[in-house]
Amino acid sequence: MSRRIINRRPSRGGRIAWGAAPFVFAIAAYFIFSALRLAENPNDKLLPGLAAFGDAIHRMAFARDMRTGDILLWVDTLASLQRLLIGLGFATLIGLVFGVATGVIPYVRASLSPFIAVLSMIPPMAVLPILFITFGLDELSKVVLIVIGITPFLIRDLALRVADIPGELLIKAQTLGASTWQIILRVVLPQIAPRLADAIRLSLGPAWLFLISAEAIAATDGLGYRIFLMRRYLAMDVILPYVAWITFLAFLMDWALRRFNRRFFPWASGEQS
Amino acid sequence: MSQVSVRNLWMEYPGQTVLERIDLEIASGEFCVLIGPSGCGKTTFLRLLLSMEQPTRGEILLDGENLPVEPGPDRGVVFQRYSVFPHLTVIQNVILGLEFARSRGLGKLFGVARRQALEEAERCIESVGLAASRDKYPSQLSGGMQQRLAIAQTLIRKPKLLLLDEPFGALDPGTKHQMYDLTTRLWQEEKITVFMVTHDLKEAFTLATRVLTFDKVRIDPGAPGAYGATITFNLPLGKKHEFSASP
Numbered sequence: 001m002s003r004r005i006i007n008r009r010p011s012r013g014g015r016i017a018w019g020a021a022p023f024v025f026a027i028a029a030y031f032i033f034s035a036l037r038l039a040e041n042p043n044d045k046l047l048p049g050l051a052a053f054g055d056a057i058h059r060m061a062f063a064r065d066m067r068t069g070d071i072l073l074w075v076d077t078l079a080s081l082q083r084l085l086i087g088l089g090f091a092t093l094i095g096l097v098f099g100v101a102t103g104v105i106p107y108v109r110a111s112l113s114p115f116i117a118v119l120s121m122i123p124p125m126a127v128l129p130i131l132f133i134t135f136g137l138d139e140l141s142k143v144v145l146i147v148i149g150i151t152p153f154l155i156r157d158l159a160l161r162v163a164d165i166p167g168e169l170l171i172k173a174q175t176l177g178a179s180t181w182q183i184i185l186r187v188v189l190p191q192i193a194p195r196l197a198d199a200i201r202l203s204l205g206p207a208w209l210f211l212i213s214a215e216a217i218a219a220t221d222g223l224g225y226r227i228f229l230m231r232r233y234l235a236m237d238v239i240l241p242y243v244a245w246i247t248f249l250a251f252l253m254d255w256a257l258r259r260f261n262r263r264f265f266p267w268a269s270g271e272q273s
Numbered sequence: 274m275s276q277v278s279v280r281n282l283w284m285e286y287p288g289q290t291v292l293e294r295i296d297l298e299i300a301s302g303e304f305c306v307l308i309g310p311s312g313c314g315k316t317t318f319l320r321l322l323l324s325m326e327q328p329t330r331g332e333i334l335l336d337g338e339n340l341p342v343e344p345g346p347d348r349g350v351v352f353q354r355y356s357v358f359p360h361l362t363v364i365q366n367v368i369l370g371l372e373f374a375r376s377r378g379l380g381k382l383f384g385v386a387r388r389q390a391l392e393e394a395e396r397c398i399e400s401v402g403l404a405a406s407r408d409k410y411p412s413q414l415s416g417g418m419q420q421r422l423a424i425a426q427t428l429i430r431k432p433k434l435l436l437l438d439e440p441f442g443a444l445d446p447g448t449k450h451q452m453y454d455l456t457t458r459l460w461q462e463e464k465i466t467v468f469m470v471t472h473d474l475k476e477a478f479t480l481a482t483r484v485l486t487f488d489k490v491r492i493d494p495g496a497p498g499a500y501g502a503t504i505t506f507n508l509p510l511g512k513k514h515e516f517s518a519s520p
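Structural data, given as structure tokens:
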């Protein structure tokens with residue numbers, strides 16, 4: 001009897017091979033098409049080959065820029081990460097305060113949750129011009145865009161997580177004599193902490209989206225700025241490594257948050273029988 | 274002292290009466306077990322004792338005074354599930370009640386105060402037989418151990434009333450009997466008044482000094498919600514402090 005396909009599982013080594021396969025295929029396909037195009041026209045810019053990438057990476061990541069004397073990739077990375085982290089930081093703080101308040105205090109929930117529901121429907125990119133007008137074209141408006149873009153999601157997600165805490169636990173805390181403040185501090189915050197890291201992980205994607213958009217429109221440095229600048233020269237040899245680098249950074253942050261969760265909230269992963 | 278009087282208690286929701294005409298005098302130190310068919314208001318009665326809800330008519334007096342309008346440290350509770358905090362270890366779960374009481378601002382103790390509280394909590398863990406699991410998280414404990422922890426956590430605040438909502442409902446028979454012994458012993462030591470809801474008749478008669486049965490006495494076939502349940506039997510078993518809980 002052959003088993004049903006839903007019951008067939010790859011072995012440990014097999015899983016790695018199956019996981020690696022799409023990457024290998026994508027990379028191989030790229031270089032095959034690149035080689036085909038380059039054979040036809042050695043100056044083709046659309047699908048540069050390995051040598052062109054090596055050149056571009058060396059130029060951007062290791063050599064100093066002739067005009068400014070900076071190493072551009074690091075300057076861009078630093079500028080972008082700074083904006084992203086400040087934005088994420090503020091969004092997290094606001095999300096936590098309002099999320100917990102709406103989740104725990106019925107009067108705050110009654111007055112704020114319809115407002116936040118409407119607010120979260122505003123497309124953040126649509127208010128970008130307003131931000132540029134109010135906050136100017138420099139750092140502040142980019143950070144504010146990230147904050148505006150992901151805070152409503154964080155608030156709603158965290159409020160839901162608070163609502164998920166079994167009512168029995170809140171009653172139990174009260175029978176142990178806890179005040180509202182003590183319940184927030186010792187029961188609610190610790191219980192949603194692992195969910196907070198998950199919520200941040202989920203908002204990393206949108207945060208990058210808003211960052212790159214803002215940088216594309218008005219900036220003098222940053223990863224998004226560089227990509228859109230290079231577009232004018234069809235410099236795929238720079239753009240593609242930049243995209244790979246951004247992907248890598250995003251992946252790294254996601255991984256770090258996951259590790260953080262497992263390290264600091266061991267009780268949350270082995271969860272309940 | 275923890276004597277409970279219930280006077281002409283009614284609990285009505287729109288279109289449905291859950292409890293009606295409940296009168297009850299419970300002396301300090303009784304072990305009352307509430308039994309009755311599902312949906313007959315046993316748990317609602319327990320929720321009223323806990324002030325999770327307010328009765329629509331009548332009153333509940335604890336030592337001659339009206340119950341506070343919200344849950345507090347004078348009435349401890351153990352639910353069937355979700356009774357302990359999953360993010361705290363055994364010792365942290367038990368010490369929490371002391372921290373709430375002694376550190377109003379942070380709800381956390383440090384230094385000498387913490388060491389003192391730890392000693393009390395350790396004695397408490399010892400008395401429910403969890404000393405060996407001091408630093409485990411609840412998810413690493415069996416169901417019976419989790420309920421022991423819930424009881425220890427509750428008792429450390431020395432409540433006047435202990436409310437148990439089907440606390441052993443999810444446990445296997447062997448574990449249940451261990452829990453009966455433990456509960457009986459703690460009840461005798463602490464001289465506490467207990468109200469317990471259960472579906473298990475045998476459990477009721479094993480533990481109780483008084484069995485209260487809830488049921489509807491008036492039924493209107495055209496309007497099932499019209500009348501509520503009341504206490505149909507109030508059986509004192511007259512075996513106070515002098516029985517063994519073995520099966």
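The listed protein sequences correspond, in order, to chains A and B.
In terms of the numbering used here, the first sequence opens at residue 1 and continues consecutively.
In terms of the numbering used here, the second sequence opens at residue 274 and continues consecutively.
From the three backbone atoms N, C-alpha and C, an ideal C-beta is built for every residue, glycine too.
How close, in whole Å, do the beta carbons of residue i and residue j come, if the pair is a contact with beta carbons under 8 Å?
i: LEU322/B; j: PHE487/B; result: At roughly 13 Å, the Cβ-Cβ gap does not stay under 8 Å, so LEU322/B and PHE487/B are not in contact.
i: PRO411/B; j: LEU422/B; result: 7 Å
i: LEU176/A; j: GLY370/B; result: 4 Å
i: ILE212/A; j: LEU223/A; result: 7 Å
i: LEU47/A; j: ARG37/A; result: 5 Å
i: ILE183/A; j: LEU170/A; result: 6 Å
i: LEU128/A; j: LEU145/A; result: 6 Å
Does the beta-carbon of residue i have 16 or more other beta-carbons within 10 angstroms, so that it is buried, or is it exposed?
i: GLN272/A; result: The predicted position of GLN272/A is uncertain, since its pLDDT is 40 and thus under 50; a value taken from the coordinates is nonetheless stated next. Burial call: exposed.
i: ASP237/A; result: buried
i: TYR107/A; result: exposed
i: ASN366/B; result: buried
i: MET452/B; result: buried
i: ILE299/B; result: buried
i: MET60/A; result: buried
i: ALA20/A; result: exposed
i: ILE155/A; result: buried
i: ALA159/A; result: buried
i: SER80/A; result: buried
i: GLN420/B; result: buried
i: VAL279/B; result: buried
i: THR134/A; result: exposed
i: THR329/B; result: exposed
i: PHE352/B; result: buried
i: TYR355/B; result: buried
i: ALA39/A; result: exposed
i: VAL104/A; result: buried
i: ASN281/B; result: exposed
i: SER324/B; result: buried
i: TRP18/A; result: exposed
i: PRO152/A; result: buried
i: ARG320/B; result: buried
i: GLY288/B; result: exposed
i: LYS45/A; result: exposed
Under 7 Å Cβ-Cβ, which residues of chain A neighbour residue i?
i: GLY511/B; result: Ordered by position in chain A, no residue passes the 7 Å Cβ test against GLY511/B, which lies about 30 Å from the chain.
i: SER356/B; result: GLU168 and LYS172
i: THR337/B; result: The sequence shown places Gly at residue 337/B, not Thr. Simply none; closest approach about 21 Å.
i: MET325/B; result: ILE171
i: GLY442/B; result: Those within 7 Å of GLY442/B in chain A number zero; the least Cβ separation is about 14 Å.
i: PRO328/B; result: Result: empty, since nearest Cβ-Cβ is about 17 Å, beyond 7 Å.
i: ARG348/B; result: THR175
i: PHE352/B; result: GLU168
Which residues of chain B have a Cβ atom closer than 7 Å to the Cβ of residue i, listed in chain order?
i: PRO190/A; result: HIS360
i: GLN182/A; result: PHE373 and GLY380
i: TRP267/A; result: PRO359, HIS360, TYR410 and SER412
Using the beta-carbon of each residue, which ones in chain A are nearer than 8 Å to residue i?
i: ARG430/B; result: THR175, LEU176 and GLY177
i: GLU343/B; result: GLN174
In chain B, which residues lie less than 8 Å from residue i when you measure between Cβ atoms?
i: ARG186/A; result: LEU369, GLU372, PHE373, GLY380 and LYS381
Does the ligand MG have even one heavy atom less than 6 Å from the beta-carbon of residue i?
i: SER376/B; result: In the structure shown, the ligand MG is absent, as is every other ligand, since no ligand is present at all.
List, in chain order, every chain A residue whose beta-carbon is nearer than 9 Å to that of residue i.
i: VAL467/B; result: The contacting residues do not exist; VAL467/B stays about 14 Å from chain A at best.
Is there at least one Cβ from chain C nearer than 7 Å to residue i's Cβ?
i: ARG330/B; result: Note that chain C does not occur in the displayed structure, where the protein chains are A and B.
Touching by the beta-carbon criterion (3+ pairs, under 8 Å), the region 247-267 of chain A and the region 429-442 of chain B: The count of Cβ pairs closer than 8 Å, one atom from the region 247-267 of chain A and one from the region 429-442 of chain B, stays below three, leaving the stretches out of contact.
Stretch-stretch touch, CB-based, cutoff 8 Å, three pairs: the region 286-298 of chain B with the region 495-505 of chain B: yes
The region 53-69 of chain A contacting the region 121-138 of chain A, beta-carbon criterion three pairs below 8 Å: Verdict: no, contact absent.
Three CB pairs or more closer than 8 Å across the region 302-319 of chain B and the region 467-481 of chain B: Three or more Cβ pairs closer than 8 Å define a contact, and the region 302-319 of chain B meets that threshold against the region 467-481 of chain B.
Any 3 or more C-beta pairs closer than 8 Å across the region 335-342 of chain B and the region 159-171 of chain A: no
Stretch-stretch touch, CB-based, cutoff 8 Å, three pairs: the region 379-393 of chain B with the region 193-205 of chain A: no
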